[in-house]
Amino acid sequence: MKQIKINTNLITSFKQNGTCTLNVIENMDDLHEIEQGKLVGEGSNIIIRNHQNLYKLSKTFSYVNIVDSLVIVGGSTKISLINKILIKNGLSGLEFLGGVPASIGGCVRMNAGAFGKSISDIFEYAICYNHDKGIYTIHKDNAYFSYRNSNFKDNVILEVGLRLKKSNYHDIITKLNENTKIRLSKAPLLRTFGSVFKNPPNMVAGKLIEECYLKGKIIGDAMICKKHANYIVNLNKATADDVLYLIDIIKNNVYKKFNVELEEEVVIL
Numbered sequence: 001m002k003q004i005k006i007n008t009n010l011i012t013s014f015k016q017n018g019t020c021t022l023n024v025i026e027n028m029d030d031l032h033e034i035e036q037g038k039l040v041g042e043g044s045n046i047i048i049r050n051h052q053n054l055y056k057l058s059k060t061f062s063y064v065n066i067v068d069s070l071v072i073v074g075g076s077t078k079i080s081l082i083n084k085i086l087i088k089n090g091l092s093g094l095e096f097l098g099g100v101p102a103s104i105g106g107c108v109r110m111n112a113g114a115f116g117k118s119i120s121d122i123f124e125y126a127i128c129y130n131h132d133k134g135i136y137t138i139h140k141d142n143a144y145f146s147y148r149n150s151n152f153k154d155n156v157i158l159e160v161g162l163r164l165k166k167s168n169y170h171d172i173i174t175k176l177n178e179n180t181k182i183r184l185s186k187a188p189l190l191r192t193f194g195s196v197f198k199n200p201p202n203m204v205a206g207k208l209i210e211e212c213y214l215k216g217k218i219i220g221d222a223m224i225c226k227k228h229a230n231y232i233v234n235l236n237k238a239t240a241d242d243v244l245y246l247i248d249i250i251k252n253n254v255y256k257k258f259n260v261e262l263e264e265e266v267v268i269l
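This note's numbering applies: residue 1 is where the sequence shown begins, and numbers increase by one.
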């Protein structure tokens, strides 16, 4: 297993300032070397505390194979690559994640979703690894999914099977482009990690934060986005501590005003 010291701005979409140790899993044998550490994918929904020991699947685990309507995907495969291949093969069902800079493993782990759809809708199986069970398969009947959550949190996801539907090129590309355009219109064009908090039942987290007049609040180089209050952006060299301080401010203010406890959607490592 290859081990490197790296700046966290190289492995997160937020481009936060800090350092970590990154262990790159290059084959199945490397899985048994995993000790105390945490897995990262494309780093699109995480904040990494300084000096963490992390693990990442190499490009060996990035592939897409298609058998009729079953799409077999390596755990480190980027959503953007999967969608490109699906378009060419006339398969529909993943367009709701258009524009998401994530890997399939991370999307399954958090049951990523948008536009009324989520990974659980198309999930067929996942081949996983953990210390207790080794390498094993979880089929859809034994998988647990809820809003931005699953029972895959303690697993390394090596491969995922998705069940999609046949469609035509025009319909797939139109839906994919529409979803991507909507996502980009709502999200800031700055360095961010996506939504900070999950939406409480029948509420919108961004609206609650906005009504606490917290838009534009800055700690260090981290700022609550002026465009969408459920985003935190990196103005320059924001650290994990800057972000965590802002998260505490948001949670305390929302609780005091609305008696609502916000739950983080961003993963804090």
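No residue lacks a Cβ here, since even glycine has one placed at the ideal position from N, Cα and C.
Two segments are said to touch when three or more pairs of C-beta atoms, one from each, lie closer than 8 Å; by this definition the segment 130-146 does not touch the segment 178-188. One thing to note: residue 85 has its Cβ within 8 Å of the Cβ of residue 64.
For residue 205, the enclosing alpha helix (DSSP H) begins and ends at 205-210.
Residue 108 carries a helical assignment under DSSP once its states are collapsed to helix, strand and coil. In this structure, the beta-carbon distance from residue 148 to residue 198 falls below 8 Å. If you ignore the 5 residues before and after residue 60, its C-beta comes within less than 7 Å of the C-beta of 26, 27, all in its own chain and listed in chain order. Sorting 247, 220, 245, 227 by C-alpha distance to the C-alpha of residue 234 places 220 at the top. As computed with DSSP, residue 20 is found in a beta bridge with 6, 52. Under the 8 Å Cβ criterion, the segment 209-227 counts as touching the segment 238-245, having at least three qualifying pairs. In this structure residue 229 touches residue 209 by the C-beta definition: roughly 4 Å separates them, less than 8 Å. Cβ-Cβ distances below 6 Å link residue 62 to 74, 76, 77 in the same chain, with the five nearest sequence neighbours on each side left out; the list follows chain order.
DSSP places residue 33 within a helical segment (H, G or I) once states are collapsed to three.
If you ignore the 5 residues before and after residue 217, its C-beta comes within less than 6 Å of the C-beta of 224, all in its own chain and listed in chain order. Secondary structure note for residue 178: its alpha helix (DSSP H) is the uninterrupted segment 169-186.
Only buried fits residue 42, as 16 or more other CB atoms lie within 10 angstroms of its CB. Contact check for residue 104 and residue 82: beta-carbon distance about 6 Å, within the 8 Å limit, so the pair qualifies. Nearest neighbour of residue 238 by Cα position, chosen from 207, 18, 156, 79, turns out to be 18.
Counting only runs that start and end inside the segment 60-145, the alpha helix (DSSP H) elements of at least 4 residues fall at 79-89, 104-109. Around the beta carbon of residue 118, a 10 Å sphere encloses 16 or more other beta carbons of the protein chains shown; the residue is thus reported as buried. Only residues of its own chain outside the window of five on either side were considered, and among them 12, 14, 16, 193, 240, 243, 244, 266, 267, 268, 269 have a CB closer than 8 Å to the CB of residue 47, listed in chain order.
For the pair residue 168 and residue 90, the CB atoms are nearer than the 8 Å cut-off.
A buried status is given to residue 93, since no fewer than 16 other beta-carbon atoms sit within 10 Å of its beta-carbon.
DSSP lists 46 as the beta-bridge partner residues of residue 267.
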